Structures are given as C-alpha cells and as structure tokens.
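In terms of numbering that gives the first Met the number 0, the sequence shown is residues 0 to 504.
Built from N, CA and C at the ideal position, the CB exists for glycine as well.
All figures in this text were calculated on a predicted structure; none of them were measured in a lab.
Inspection log for the structure reproduced underneath, given as structure tokens.
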Amino acid sequence: MPEPTRYAELLGDDETVIQGVLSEFLPLCAIPHPSRREEAIARHLEKVLRSRGWTVELDGAWNLRADLPGTPGLENAPLTAIQGHTDMVCAVRRGSGYRPEDDPVAALRDGDTLRTDGRSSLGADCNMGNAAALWLLTRPIPHGPLRLLLTAAEEVGLEGASRVDPAWLEGVACLINTDGFRLGDLVVSSAGGRRETYTRPLHTVLRQGSRAFRLSFQGFLGGHSGYDIHLGRANPIKLMALVLGELRETVEYELASLAGGHTPNSIPMDCSAVITLDPRFVPALARAAAHVSGQLSSLYGRRDPGGSLELAEVQPPERVWTTPCRDGTLDLLSLLYTGVYAMHDTIPDRVSASSNLGMVYADGETITVRTFLRCTVGFSEEILAFQHARAARSTGFELASHGYPGWPGEADDPLAKAMARVYRRVTGHRARITAIHAGLEPSVLRAKNPAMDIVSTGPDIFDPHSTEERVRLSSLPPYVRLLAGTLEELALRPPGAKKTKRKKV
Ligand SMILES: [Zn+2]
C-alpha cells in the first residue's frame, strides 16, 4: 500500500491531524509557562503521559523524562528519544496589560494560521512540535522503545538541558529534536554561544577643551547576532571606534562618554559619544565626520541604508575620561572581531563561526564591552577567544566569559539521510539537510551521550519570540507523517546498524 494512503488510514486526513495536534497544544496554552516557570506545565504533562501508560520522571529543574515500550514485535529495537523544550519566550505587546506569569496564551485559528490575540507570543516554539509528537503517540503507529525528553528553561541559555542527568540519555541511539521552525529542514548542526564581558575601571579628570560635540551613529538595522550576521549590516560601535581612533592622529580631544548597543547577542543599531576639544580643532572634526558620513553609502547603501552619522554641539560636561581609558577602550573596540568568521565546512552557504561586538557603555566606575561568539566547531571558538583575550590584555581590560558548546554535525549525517528518505516518501517533497547559526539543545545533550545521532525538525513557525508568532497549520500533517515514518524506519532499519565508516564529528 502506498505510504501516504497508509498514513491516512493510521492518522486520518489532514484536518483530523490538525485537530488532533491542537487538542494537545491548546491545553498547554492555558498554563502560563515562561522560562523558569515550568512546574505547572511539567506536572500537567506528567499527568497526561501517566494516564496514557508512559513511565514518567521529573527532575529538580522541571525537566521531564517519559518512557514507552515498543509496539508488539518492535520491543527490542534501539531506543529513540523525542526531545523538545516546554518553556517559551513570552513576548508582550506594550500597553496590553498581559502578565506572562499569570495569563494564558490566547490562541486563535485564522484559516491556515494559528496565532494569538496579539497581546503575547504563541509558544509554538517549541510546544507545537511537542504537541505533534504527543498526539502522534496516541495513534496506532508502529514504533520501537521511545523516550520523551521535555526540558525546561531552554530560552535562557539551555539551562534545563544543561541540568539533564546524563543517565537520562544512556542507551539512546537517535534523538529527534522538535525545535525546528521550517517544515522539511533537517538541522544537523548548531552554534555554540560564548558571552564575553570586558571591564576596566573608569577614571576621569577635569575637562580642558571648551567646546563639546556629540557624534551619533544612528538608524542602523541591527538584528539577531546569529541569523542576521551574514547580511552585511553595519556595526555602529565599530564605526565609532574607527572615527574616534583615527581622529586621535589629527585632533587633540577628550572623550566624555561612549555608549552603543543594547544586548550582546543583537547587532547594535546605534552608538554615540561626546568629546570635548579646543575651538581650533573644530574644522578638523567636522571634516572627519563629513568624510565618514559620505562613505557610509558606499559600503551599506543597499544593506543598511537608513544609518547616518550626526554631529551636534552640546553643553560641555565637567569631567572626561583619562587618556589611558580613552585609548584602551578605542583600541579594544578596534581589535575585537565582528561579523562572519568562518563558513560551514560541509553544509553550503551556512555560517559556522561569527563574533558580534554588541555593547559598550560606562557607568560611574566601570567601562564595559560585551561580545557574543557563535561557533559550531570548538577550534574556531578557540581562535577567536585567543584573539580577544590578547586584545583585552593589551588594552588594560579584564575578560570574563561563559557559554555552551557547538553541535558540529555534517551534511552526510546518517539519521538526517534516513529522515530525508522518509520525508520524500510520505510527502513527495525533498528535505533540506542544513545547519543553523544559533543555539540548540542538541549541542548540550550530545556532550552527555556522544554516540547519539541527532536531527532537529519542526513545523512552519514564523516570527518566534514576538507577538506575531504564528504556525502554518497545513505544515502539521506532513510534519506528523515525517515523525511517524521516522519512528517506524528507526525501529525496522536503524541507521546505526551499518555505521562503519562514519566520519568523525
Ligand atoms: Zn525553541
């Protein structure tokens, strides 16, 4: 019997699948579950799974593990895990009065789209993928022994996954992560993340120059430091370091303030500085600003067209930074790497390593600079981190960093290839084996069981982490069939069985 027909028999028609998945998803919407508030949703899932015959365990981080034996004849197949996170980024529309810790998500069906009433994000990232698996496993499909692993606090630095007991992953041959956003994408690689914070004490002296000017780089696009890093947008902090750094050659000036960017993992949209100087240097300052201003369009005219440099005279401040503070900071900002550093080795057109110079600011006593590295392969992180450590040391800054590892998968991953075959068979379409330049839980989980084959997939989810988050409902039936076909395939023909000449990962 052709597979689409067989799955129609086992699972029902498209509308039946959509209704089924929503019957699992909507009860989750009723339980508030922002990151680090997962107890209620974990207890709900525990109850539901127990009533369906799963063996369930919760840990102190509100991670959930549940086991189900294989169907008759497949009890001895290798253990497969389905894994997702239960928490959500609760984006709130300003002024809506929505309280993420108390209010349910109001999900609305609008034709082929599921969205919210606009007050909050939907939380389809990642509970729609989880709901698809939950509903599928109430259907009479053949499968081997299964483990469901639902983690907490993914959206705040993979916290839950980091705390998962390695014993929970023991014996797992394949792990299917449900945190994908694009139907037909089979993700085999993600980036590690490393937050770097540079600090040095701020020392100030009384100003000498009698006139003061504010330089403002503003109106740049910014963006996500992973997904948007290859788009060729400007980094206004880097531009400021160039202007003020070069200006030192021709103009005697003092730096009174410097601030740019808002978070280390966003590309900055603006950077401003106030300098003081003797009136005789004002024409040289104006020329330098006009030069840079005139050059912006030659580099960013198409990719970041709204950005500009404004120069305005302001009231002179009383105190300015000492020369070592000024020069150390400008030199550090010039030396730190920002932008794409390396492309993926086996997956075409995918970024493998990048650095984002995300923030600079000074409070009363300290100058702080923050960067965010994303690296799929540990060695590229080693290179960038070494370069940055040297830059910090030579400019008088202390450097502190922490992070999580990358997931350096490959285009010929055997699980992904098996899933691509299943996808073709059950949907008639080609899947795309790919990598993402952001963090995913498999990077942390594979460190606890390096023998696992892992792929991340999901239905179509748009604008996650925003009040516009929405799901294309017609992507749910093919997603559920992909999961069903994969579970059967893994029980009957485990990819690891012929795993002899697998390349190192
Ligand atoms: Zn997610």
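Report buried or exposed for residue i, applying the criterion of at least 16 other Cβ atoms within 10 angstroms of its Cβ.
i: Phe385; result: exposed
i: Met127; result: buried
i: His32; result: buried
i: Tyr226; result: exposed
i: Glu158; result: buried
i: Glu8; result: exposed
i: His428; result: exposed
i: Gly231; result: exposed
i: Asn264; result: buried
i: Met358; result: buried
i: Lys497; result: Bear in mind that the predicted position of Lys497 carries a pLDDT of just 49, short of 50, making it unreliable; the figure below should be weighed with that in mind. Classification of Lys497: exposed, given that the 10 Å Cβ count is below 16.
i: Phe577; result: Given a span of 0 to 504 for the chain in the structure shown, any question on residue 577 remains unanswerable.
i: Glu56; result: exposed
i: Pro458; result: buried
i: Ser209; result: exposed
i: Asp116; result: exposed
i: Lys502; result: The predicted position of Lys502 is uncertain, since its pLDDT is 47 and thus under 50; no value can be drawn from it.
i: Leu486; result: buried
i: Ser22; result: exposed
i: Asn506; result: Absent from the model: residue 506. The displayed extent of the chain is 0 to 504, so no value can be given.
i: Lys237; result: buried
Could you spell out where the alpha helix (DSSP H) holding residue i opens and where it closes?
i: Gln18; result: 13–28
i: Asn234; result: Note, Asn234: premise wrong, no alpha helix (DSSP H); not H, not E.
i: Arg49; result: 38–50
i: Gln386; result: 377–393
i: Glu488; result: 475–491
i: Trp134; result: 123–135
i: Arg93; result: Premise fails: Arg93 is in no alpha helix (DSSP H) and is neither H nor E.
i: Arg373; result: Note, Arg373: premise wrong, no alpha helix (DSSP H); beta strand (DSSP E) at 365–374.
Between which two residues does the beta strand (DSSP E) harbouring residue i extend?
i: Val359; result: 350–361
i: Tyr403; result: 397–403
i: Asp326; result: Counting along the chain, Asp326 falls outside any beta strand (DSSP E), though it belongs to the alpha helix (DSSP H) covering 322–334.
i: Gln82; result: 78–84
i: Pro311; result: In the sequence as presented, Pro is not what sits at residue 311; that position holds Ala. Per DSSP, Ala311 belongs to the beta strand (DSSP E) from 307–313.
i: Glu56; result: 54–57
i: Asp66; result: 63–67
i: Arg35; result: Segment: none, Arg35 is in no beta strand (DSSP E) and carries neither H nor E.
i: Met342; result: 338–342
i: Ala106; result: 106–109
Could you check how far apart the C-beta atoms of residue i and residue j are, in whole angstroms? I think they sit under 8 Å.
i: Gly221; j: Pro267; result: 6 Å
i: Val376; j: Ser393; result: The pair is not a contact, with the Cβ atoms about 26 Å apart (cut-off 8 Å).
i: Thr79; j: Ala172; result: 7 Å
i: Leu145; j: Arg64; result: 11 Å between Cβ atoms; not a contact.
i: Ala160; j: Cys374; result: Not confirmed; about 18 Å, so no contact.
i: Tyr6; j: Ala483; result: 6 Å
i: Leu201; j: Glu364; result: 6 Å
i: Gln82; j: Ile175; result: 7 Å
i: Gly408; j: Val187; result: 3 Å
i: Val155; j: Arg35; result: 7 Å
Taking 8 Å as the threshold (beta carbon to beta carbon), is residue i in contact with chain B?
i: Met239; result: No chain B appears in the structure shown, which is made up of a single protein chain.
Inside the region 232–302 only - beta strand (DSSP E) runs reaching at least 3 residues: Runs of the beta strand (DSSP E) inside the region 232–302: 252–259, 270–276.
Check your reading: residues with Cβ closer than 6 Å to ligand 2 heavy atoms: No copy of ligand 2 appears in this structure; the ligands present are ligand 1.
Secondary structure, beta strand (DSSP E): runs of 3+ residues fully inside the region 420–448: 431–434
Beta strand (DSSP E) segments (min. 3 residues) lying fully within the region 156–228: Within the region 156–228, the beta strand (DSSP E) runs of at least 3 residues that lie entirely inside it are, in chain order, 171–176, 184–188, 191–200, 203–205, 210–217.
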